[in-house]
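Residue numbers (the numbering used here): 410 to 630.
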């Protein structure tokens, strides 16, 4: 299957079935070799910042999805910076666009999107529109830069919470639900504060404590 067929499928699904449904189609229809990040973003069928950041935040917000977070974190930073400076549409640098997302990874992303965020997309509705407008979008982009910077720190178990914050706020931008934008920013900001205070008080052992806590929540401890 070629890139064009993936693009056509996603264009047909996204408006009626929603972003989560579009991600599933893209994953199912991707070739066995996977998709480059450039082809994946093209297959989303839209160029909105919220749409791209939601899709790219999934690998870092879904627990125990290994490998892909390291592929998408820097492109996320590039897109968030463009959003913060007011660029009209996102652009993925060529060096990032060549990175490969495996078909298995794409399918896990789609499954995780439905499991963790599908219900949120279904209940989202336009409200508090001031928080999802152009000016607010630039401010959100600046906050996202801070969240993504914490994801890029090479410490275990530090991506999930800011990733969730970005995903929720991005759904808010896509659906013009200012309440979700606010909720996502609150979650990510609370994590940054917790990370700073925790490391200041407990030192590096804070990361181990948090890692054990996450494992216990997931039933892996």
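Beta carbons: idealized from backbone N, C-alpha and C, even for Gly.
Everything numeric in this text was worked out from a predicted model, so none of it was measured.
Among the residues of its own chain, which have a CB less than 8 angstroms from the CB of residue 586, if the five just before and after it don't count? If the five residues before and after residue 586 are omitted, its C-beta is found closer than 8 angstroms to the C-beta atoms of 533, 534, 535, 536, 537, 541 and 580, all from its own chain and listed in chain order.
Less than 9 angstroms between the C-beta atoms of residue 467 and residue 572, yes or no? Going by C-beta atoms, residue 467 is nearer than 9 angstroms to residue 572.
Take residue 594 as the anchor and find which of 508, 577 and 608 has the nearest alpha-carbon. The option with the nearest alpha carbon to residue 594 is 577.
Whose CA, out of 554, 464 and 550, lies closest to the CA of residue 523? That would be 464, whose Cα lies nearest to the Cα of residue 523.
What residue range does the alpha helix (DSSP H) around residue 600 cover? Bounds of the alpha helix (DSSP H) holding residue 600 are 587-611.
Where do the N-terminal and C-terminal ends of the alpha helix (DSSP H) with residue 511 fall, by residue? Annotation: residue 511 is outside any alpha helix (DSSP H) and is labelled neither H nor E by DSSP.
Spatial distance of residue 520 from residue 529 (CA atoms): Approximately 14 angstroms, taken between the alpha carbons.
Nearest-angstrom beta carbon gap, residue 527 and residue 429 [assumed within contact, 8 angstroms]: Correct: roughly 5 angstroms between the Cβ atoms.
Put residue 444 into one of helix, strand or coil per three-state DSSP. Three-state DSSP puts residue 444 in a strand.
Below 6 angstroms CB to CB, which residues in the same chain sit around residue 597 once its five sequence neighbours on both sides are set aside? So the qualifying residues of the chain are 556, 571 and 574.
Exposure label - residue 499; buried when at least 16 CB within 10 Å: Label assigned to residue 499: buried.
Spatial distance of residue 450 from residue 621 (CA atoms): C-alpha separation (whole angstroms): 34 angstroms.
Buried or exposed for residue 606, going by 16 or more other Cβ atoms inside 10 Å? Of the other Cβ atoms in all chains shown, fewer than 16 fall within 10 Å of the Cβ of residue 606; this residue is therefore exposed.
Cα-Cα, which of 604, 431 and 436 is closest to residue 512? Residue 512 has its Cα closest to that of 436, out of 604, 431 and 436.
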